[in-house]
Amino acid sequence: QAPFEGQGRVVIEPPLPCHRPHVGPVRYRYFLMFAVRNLAGIPLGNYPMGTRSLYVAILCSALILQDSSAMVHRRQAREDPYNKVAATIGSSSSSSKSGAATEGTSSSPVLAAGRSRKFLIASFPQMREVAYCQTPDNVWRPLVIGSVKAPGGIAVDVQGAKLFVADPPSQAIWWYQLTVTSGGFLETTGVQHAAVEGVQASFLTVNSVGDLYFTGRMVSSASNASSVFRQDARKIAMGNAMSPVDLYTRSNSGSPVPKVWVPSGIAVDSVNVFWGNMEDGTSHGSVVKGSRENIGLLSQEKQMHAMSYVADDVRGVCATGTHVFYLSSAGVHGVLKSSVEQVGEPATVGLVATSPRAADASAAPWNPTSIAWDGDNSLYFTEPQYGVVYMLPALNVMEHNLTKYVDAPGAYGITFIGFSNSNSAGGRRLPALVALAALSLLSVGLAGGRA
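Position in the sequence shown (from 1) plus 1 gives the number in our numbering.
As structure tokens, then:
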């Protein structure tokens, strides 16, 4: 019972105990009956129409939304296999023939119900596979990508849930639709689409609206020089895989020292494109920043300049909210997005993590390839020479120790995607419950107008 506006007590039967964490069918039927009868102008129980109905409707709506959220979490807790059995970590060993990873016996952390699903995806060119780990688990599971010859650079369109895979021997970049099963596993629909054809692509990235950026060269080009390209989301959606935009080249990136020399890793944010140079980075720029060309900037607002000159051989590049991180044979480097550096910097500037050879000259050559940000606090990068995916903090450019995340023999490209719980099967009832809450509030408005 609850007093309301000095008109005595409003008694709602059956009672609605707000402290209960779940809801049964009886309460939902009662809410629906309330909404329908109120919409028709028929008083329910012993409370009058009008302003009292607003109190009841808001209470009902709040309970519906609260209980629907709890229902989603309970369903996912039941369906999530990691809440029943702890997955095992891959104690990977690579054979000389296949380089396949094998599963060991150490247990991984259990994923809590209601947690966002995050997936680390990597390409394995020698195995012709693309596989994923569901973090914080570290067991590789394959994705169906159809016929590919050597999957290399990969990227994801987070908003559109698309996976892009460069396949240089096929002279194409393919894309696949990603989904999450009711059990929490990542999968593709199995259909292979062409995003770009007639291209030898090295590294890929995607911006927030689905435009694909990549480094490489068009097969039809008379020049062997690589460039920075963009394939618009509109063309990808229409199935037009030809004629990407030649964004930055040797001829339009400065003279006499062009900033595009042998472009390698690439990243993009809402304003700029960032790329590395695989050769002569200390002269042409280890990492370069250039304005995006499709955001309506005036010519005087566009810019392009080197952000660092400390490494000759830059490979993968990724951008966080505040920094750009990149890989070289010396280690992992980082710079602020606002950095403008000069030729002749010390090689230790921005060195976030050093290669194993820095401590042991007899160690095998270090060959880090691709790097990805998880959208939160961590970076992941592949090292096919050692067959490992490493991780390290992404919050600053202070020096950190490398942490081995998972064995990954032959891994090349790497990327990251996260899904919210509403994308899973357990969240499909939520729109109906929201609609029921809206119906209750609508009925109050109409009934109030008649009062």
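Glycine included, each C-beta is placed from N, C-alpha and C at the ideal position.
None of these values were measured; they are calculated from a predicted model.
Problem set entry | Strand pairing of Gln386, partner residues [DSSP] | DSSP, once it has assigned bridges, lists no residue as partnering Gln386.
For this session: Go to Thr136, then tell me how far its beta strand (DSSP E) extends in each direction, as first and last residue.
Result: Looking at the DSSP string, Thr136 is not in any beta strand (DSSP E), and its letter there is neither H nor E.
Exercise. Under the three-state reduction of DSSP, which class applies to Ser284: helix, strand or coil?
Worked result: helix
Problem set entry | Alpha carbon of Gly153 to alpha carbon of Gln127, nearest angstrom | 10 Å
Problem set entry | Same chain, Cβ closer than 8 Å to Ser265, five either side skipped, listed in chain order | Ser203, Phe204, Thr216, Trp276, Gly277, Asn278, Met279, Val315, Arg316, Gly317 and Val318
Exercise. By Cβ distance, which residues of its chain are closer than 8 Å to Met305, with the 5 residues on each side in sequence left out?
Worked result: Tyr249, Ser254, Gly255, Lys260, Val289, Lys290, Gly291 and Ser292
Exercise. Between Val390 and Ile415, which are expected to be in contact by the criterion C-beta below 8 Å, what is the C-beta distance as a whole number of angstroms?
Worked result: 7 Å
For this session: Return the residue from the list Val407, His401, Thr283 and Trp374 that minimises the CA-CA distance to Tyr387.
Result: Val407
Exercise. Does the count of Cβ pairs from the region 136-155 and the region 395-403 closer than 8 Å reach three?
Worked result: no
Problem set entry | Contacts around Gly332, its chain only, beta-carbon distance under 6 Å, and the 5 residues preceding and following it disregarded | Leu352, Ala354, Thr355 and Ser356
Exercise. What residue does the alpha helix (DSSP H) around Lys119 start on, and which one ends it?
Worked result: That residue, Lys119, is in no alpha helix (DSSP H); its beta strand (DSSP E) goes Arg118 to Phe125.
Exercise. Which of helix, strand or coil does DSSP assign to Val305?
Worked result: For the sequence presented, residue 305 should be read as Met rather than Val. Note: Met305 maps to strand in three-state DSSP.
For this session: Put Ala238 into one of helix, strand or coil per three-state DSSP.
Result: helix
Exercise. On the three-state DSSP scale, how would you describe Met243?
Worked result: coil
For this session: For the beta strand (DSSP E) holding Gly332, just list the boundary residues, first then last.
Result: Gly332 to Leu337
Exercise. What are the start and end residues of each continuous beta strand (DSSP E) run of 3 or more residues lying completely inside the region 140-194, in chain order?
Worked result: 142-144, 155-158, 163-168, 173-181 and 187-189
Problem set entry | Contacts around Ala195, its chain only, beta-carbon distance under 6 Å, and the 5 residues preceding and following it disregarded | Ala173 and Ala242
Exercise. How is the beta strand (DSSP E) around Asn278 delimited, first residue to last?
Worked result: Asn273 to Asn278
Exercise. Would Leu337 be called buried (16 or more neighbouring beta carbons within 10 Å of its own) or exposed?
Worked result: exposed
For this session: Compute the Euclidean distance between the alpha carbons of Asp313 and Gln193, then round it to the nearest angstrom.
Result: 36 Å
Problem set entry | Minimum C-alpha distance to Arg251 - residue among Gly240, Ser224 and Ala268 | Ser224
For this session: Look at the Cβ atom of Arg166, then the Cβ atom of Ser124, and state whether they are nearer than 8 Å.
Result: One detail in the question is off: residue 166 reads as Val in this sequence, not Arg. Taking 8 Å as the Cβ cut-off, Val166 and Ser124 qualify as a contacting pair.
Problem set entry | Endpoints, beta strand (DSSP E) assigned at Met219 | Leu213 to Met219
Problem set entry | Separation of Ala238 from Glu130, as counted between CA atoms | 25 Å
For this session: Specify, as a first and last residue, the run of the beta strand (DSSP E) that Ala202 falls within.
Result: Val200 to Val207
Exercise. Grouping DSSP H, G and I as helix and E and B as strand, with all else coil, what is Ser254?
Worked result: coil
Exercise. Who are the near neighbours of Gly191 in its chain, counting only those whose CB is closer than 6 Å to its CB and skipping five residues on each side?
Worked result: Val145
For this session: Flag this pair as yes or no: are the beta carbons of Phe382 and Leu328 separated by less than 8 Å?
Result: yes
Exercise. Using CA coordinates, which residue listed in Gly199, Ser330, Ala365 and Trp374 is at the minimum distance from Gly322?
Worked result: Trp374
Exercise. Per DSSP, what kind of secondary structure is Pro410 in: helix, strand or coil?
Worked result: coil
For this session: Give me the Cβ distance between Val181 and Arg235, rounded to the nearest whole Å; I'm assuming they're in contact under 8 Å.
Result: Rounded, the Cβ-Cβ distance is 26 Å, inconsistent with contact.
Exercise. Are the beta-carbon atoms of Met219 and Gly240 separated by less than 8 Å?
Worked result: no
Problem set entry | Helix, strand or coil at Ser227 [DSSP, three-state] | coil
Exercise. Can you list, in chain order, the residues of its chain whose CB lies under 8 Å from that of Pro366, leaving out five sequence neighbours each side?
Worked result: Ser330, Arg358 and Gln386
Exercise. Whose C-alpha, out of Pro410, Val263 and Phe420, is nearest the C-alpha of Ala132?
Worked result: Pro410
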